[in-house]
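**Q**
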Amino acid sequence: MGVAVGNLDMEEKQIFQNVQMSVNFLVSLLKKNWQNVRCLYLKSTMGPPNRVF
1201 MGVAVGNLDM EEKQIFQNVQ MSVNFLVSLL KKNWQNVRCL YLKSTMGPPN
1251 RVF
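Residue numbers 1201 to 1253, in the numbering used here, belong to the letters of the sequence shown in order.
#1: Find out if the Cβ-Cβ distance for the pair L1230, N1236 is shorter than 7 Å.
#2: Which stretch, first to last residue, makes up the alpha helix (DSSP H) that contains E1212?
#3: Have a look at K1213 and V1223 and give me their C-alpha separation to the nearest angstrom.
#4: Report the partner residues of R1251 according to the DSSP bridge assignment.
#5: Our contact map puts N1218 next to V1227 with C-beta atoms below 8 Å; I'd like the distance itself, whole angstroms only.
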């Protein structure tokens, strides 16, 4: 599942807050919450994915 959380015009703090809110919301949709999450990746448009969790 992919979710856009920011763009180039945003500050780092804004992107960080968007990532936090997005992850918390998406995890809340899962039946077993964090037990169903194996890993999380952040990816820019052109860059490689970076594992976060």
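Each residue gets a CB set at the ideal place from its N, CA and C atoms; glycine is no exception.
**A** On the basis of the coordinates in this document:
#1: Position 30 of the sequence shown, counting from 1, holds the residue named residue 1230. Position 36 of the sequence shown, counting from 1, holds the residue named residue 1236. Taking C-beta atoms as the reference points, L1230 and N1236 count as a pair closer than 7 Å.
#2: Along the sequence shown, one-based indexing puts residue 1212 at 12. In the DSSP assignment, E1212 falls within the alpha helix (DSSP H) that extends over E1212 to L1229.
#3: Here residue 1213 corresponds to residue number 13 of the sequence shown, with the count starting at 1. Here residue 1223 corresponds to residue number 23 of the sequence shown, with the count starting at 1. A direct Cα-to-Cα measurement between K1213 and V1223 gives close to 15 Å.
#4: Working through the sequence shown from its first residue, we reach residue 1251 at position 51. Looking at the DSSP assignment, R1251 forms a beta bridge with Y1241.
#5: In the sequence shown, counting from the first residue as 1, residue 1218 sits at position 18. In the sequence shown, counting from the first residue as 1, residue 1227 sits at position 27. That belief does not hold up - the Cβ atoms of N1218 and V1227 are roughly 15 Å apart, past 8 Å.
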